[in-house]
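Here the structure comes first, spelled out in structure tokens, and everything after it is commentary.
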Amino acid sequence: RKDTMHWCDVCKVWMANKLSVRTHHEQGERHKENVQRKVRDAQRKGEREEREAEVARQQMERIERDALRRYQRDVGAAGPSPRAAAARQREEEADLEVKRAA
């Protein structure tokens, strides 16, 4: 059947596999409308995918922003690390020495 018939993907129909028949079909009103519909559908699909990608991007930004805020809050609640506390204590002791010397 493939040798004698041609399948139009746009209209989803079989027709004789002759140039004149295919040309007549492709110049027909129904085929042209189907082509326009297919192009319009593809554009809408692309626009919808762009909107969905933008929404996903915004959601990821919000999630990352919230995670960073929570991380900073958790680190602040835990207090300084032992190294940071030791460094601060050394700085305070050095400041006291400078004050005593003055």
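Counting from 5, one number per residue, gives the positions in the sequence shown under the working numbering.
Note that the Cβ used here is the ideal one computed from N, Cα and C, for glycine as well.
Since residue i sits in a beta bridge, which residues does DSSP pair it with?
i: Val17; result: Cys12
Please report the distance separating the alpha-carbon of residue i from that of residue j.
i: Ala20; j: Val39; result: 20 Å
i: Glu1; j: Glu51; result: Outside the displayed range of the chain (5 to 106) lies residue 1, so it cannot be described from this structure.
i: Glu54; j: Asp7; result: 41 Å
i: Tyr75; j: Ala88; result: 18 Å
i: Ala98; j: Ser85; result: 20 Å
i: Gln31; j: Lys49; result: 26 Å
i: Lys77; j: Glu96; result: A quick correction: the sequence has Arg, not Lys, at residue 77. Cα to Cα, Arg77 sits roughly 26 Å from Glu96.
Check whether the Cβ atoms of residue i and residue j sit closer than 8 Å, and answer yes or no.
i: Val14; j: His35; result: yes
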